[in-house]
Amino acid sequence: MKLNPENGHRYLPYIVLVIDEFADLIMTAGKEIETPIARLAQLARA
174 MKLNPENGHR
184 YLPYIVLVID
194 EFADLIMTAG
204 KEIETPIARL
214 AQLARA
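Residue numbering for the sequence shown follows the working numbering, starting at 174 and increasing by one per position.
Structure follows, in structure tokens:
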């Protein structure tokens with residue numbers, strides 16, 4: 174489904190990501206997950 178003003182969509186929704194036990198995630202997956210999360214954080218700040 175795409176956002177369309179004609180269908181009543183007026184703004185982009187916020188996406189909230191909550192990571193519990195981030196340290197455990199990094200210890201388990203390592204660089205495989207660290208790089209994409211860092212990239213996502215950089216884009217979120219832009």
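For every residue, glycine included, the Cβ atom is placed at its ideal position computed from N, Cα and C.
Please go through the same chain and pick out, in chain order, the residues whose beta-carbon is closer than 7 angstroms to the beta-carbon of residue i, but skip the five residues on each side of it.
{"i": "I179", "result": "In the sequence on display, residue 179 carries Glu and not Ile. Excluding residues within five positions, none has a Cβ falling inside 7 angstroms."}
Using a Cβ-Cβ cut-off of 8 angstroms (strictly less than) and excluding sequence neighbours within five positions of residue i, which residues of its own chain qualify?
{"i": "I199", "result": "I206 and E207"}
Would you call the CB atoms of residue i and residue j closer than 9 angstroms?
{"i": "I188", "j": "I210", "result": "no"}
Measure how close the beta-carbons of residue i and residue j come, nearest whole angstrom, since I'm counting them as under 8 angstroms.
{"i": "L176", "j": "L190", "result": "Actually they do not touch by this definition, with Cβ atoms about 20 angstroms apart."}
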